[in-house]
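Mapping of the sequence shown onto our numbering: residues 1 to 249, in sequence order.
Read the structure below first, then the notes.
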Amino acid sequence: MSMLLLRNITYSANGRKILEKINMRFKEGMSYSILGPNGAGKSTIAYILMGVIKPSEGRIFMGDKDITELNITERARLGISLLWQEPARYDGITVEEYLTLGGKLNVDKEELKEVLEIVGLPYELYHSRFVDKSLSGGERKRVELASILLLKPKYAILDEPDSGLDITVTELIDRILDYLKRIGTTIILITHHEDIAKKTEFSYFVCSGKIVRKGFSDEVVEYYKRACGKCPLLEVMRYGHQDGSSKGI
1 MSMLLLRNIT
11 YSANGRKILE
21 KINMRFKEGM
31 SYSILGPNGA
41 GKSTIAYILM
51 GVIKPSEGRI
61 FMGDKDITEL
71 NITERARLGI
81 SLLWQEPARY
91 DGITVEEYLT
101 LGGKLNVDKE
111 ELKEVLEIVG
121 LPYELYHSRF
131 VDKSLSGGER
141 KRVELASILL
151 LKPKYAILDE
161 PDSGLDITVT
171 ELIDRILDYL
181 KRIGTTIILI
191 THHEDIAKKT
201 EFSYFVCSGK
211 IVRKGFSDEV
221 VEYYKRACGK
231 CPLLEVMRYG
241 HQDGSSKGI
């Protein structure tokens with residue numbers, strides 16, 4: 001069975017250690033979450049997996065192949081895809097053109113309709129819309145999610161897929177995970193929400209650049225709530241700012 005493997009990954013920037021001795025493995029066809037507060041190093045792990053940045057120490061493997069030195073394009077060819085936390089904007093390109101890579105991706109209309117329906121964007125209303133400022137941030141995020149589904153990657157890294165979306169996000173995440181599982185994609189979901197993490201099979205709890213706990217998602221989430229509930233940082237993440245305000249997370 002093929003797997004994506006991080007071995008003793010350490011990453012430092014501007015004299016500060018952001019990740020330290022991270023060891024993770026992602027088995028083919030399974031769903032994983034990387035859970036932790038903002039600033040824990042979760043997105044840095046995603047960028048290292050995708051090849052956006054290279055680790056200061058450690059190696060990355062896909063099966064028996066060392067992919068540490070491969071760039072984003074080379075990793076994409078191997079079947080690794082990343083959903084960026086901030087959705088992109090492309091003036092002059094329609095949703096359908098964006099999703100089919102300008103017609104280069106061989107996708108039939110029914111498949112295009114299906115993935116747009118999964119992300120909550122009816123084909124008839126959105127296929128000819130431009131991926132520009134006329135779409136809200138949440139709509140652009142849904143377009144990005146649809147693009148991941150169409151690519152059918154071996155490994156889908158979803159960096160905060162719920163950010164920028166409305167209250168229907170739970171059902172949306174359910175539909176996306178169900179589709180990716182159905183096509184055999186390994187899911188790596190990055191989140192600071194406990195209920196989102198519990199939707200996956202296995203979780204890594206990361207805090208201050210280190211793995212604090214790993215195991216079945218239900219168990220890791222319970223540990224996160226029980227052992228870390230009094231941590232000021234996590235209290236801020238759940239309920240708002242330390243001054244008592246309740247700005248959104």
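C-beta atoms are modelled at their ideal positions from N, C-alpha and C, and glycine is treated no differently.
Treat the numbers as computed from the prediction; the structure is a model and nothing was measured.
- Item | For Thr191: DSSP bridge partner residues | Walking along the sequence shown from the start, residue 191 turns up at place 191. For Thr191, which the question treats as bridged, DSSP gives the partners Leu35.
- Query: How would you call Lys109, buried or exposed, if buried means at least 16 neighbouring beta carbons within 10 angstroms?
  - Reply: Start at 1 with the first residue of the sequence shown, and residue 109 comes out as number 109. By the 10 Å Cβ count, Lys109 comes out exposed.
- Can you tell me where the alpha helix (DSSP H) with Ile72 in it begins and where it stops? Taking the first residue of the sequence shown as 1, we reach residue 72 at position 72. Its alpha helix (DSSP H) spans residues Ile72 to Arg77.
- Beta-carbon proximity list for Gly209, same chain, < 6 Å, skipping 5 on both sides: By 1-based counting over the sequence shown, the position of residue 209 is 209. Excluding positions up to five away in sequence, the list reads Ile18, Leu19, Glu20 and Gly41.
- If we ignore side chains and look at the alpha-carbon of each, how far apart do Glu96 and Gly102 end up? Taking the first residue of the sequence shown as 1, we reach residue 96 at position 96. Taking the first residue of the sequence shown as 1, we reach residue 102 at position 102. Going by the C-alpha atoms only, they are around 8 Å apart.
- Starting from the C-beta of Lys65, find all residues in its chain whose C-beta is less than 6 Å away, skip the five residues before and the five after it, and write them out in chain order. Residue mapping note: residue 65 aligns to position 65 of the sequence shown, counting from 1. Closer than 6 Å at Cβ, skipping near neighbours: no residue.
- Query: Grouping DSSP H, G and I as helix and E and B as strand, with all else coil, what is Gly92?
  - Reply: In the sequence shown, counting from the first residue as 1, residue 92 sits at position 92. In the structure shown, Gly92 sits in coil (DSSP, three-state: anything other than H, G, I, E or B).
- Query: How about Gly76 and Asp159: do their beta carbons lie closer than 8 Å?
  - Reply: Taking the first residue of the sequence shown as 1, we reach residue 76 at position 76. Taking the first residue of the sequence shown as 1, we reach residue 159 at position 159. Reading the sequence as shown, one finds Ala at residue 76 and not Gly. Not a contact, by the Cβ cut-off of 8 Å.
- Item | DSSP-derived helix/strand/coil call for Arg175 | Here residue 175 corresponds to residue number 175 of the sequence shown, with the count starting at 1. DSSP places Arg175 in helix when its eight states are reduced to three.
- Report all residues from its chain with a CB closer than 8 Å to the CB of His127; omit the five preceding and five following residues, and keep chain order. By 1-based counting over the sequence shown, the position of residue 127 is 127. Counting only Cβ-Cβ distances below 8 Å, and skipping sequence neighbours, we find Thr94, Val95, Glu96, Leu112 and Leu116.
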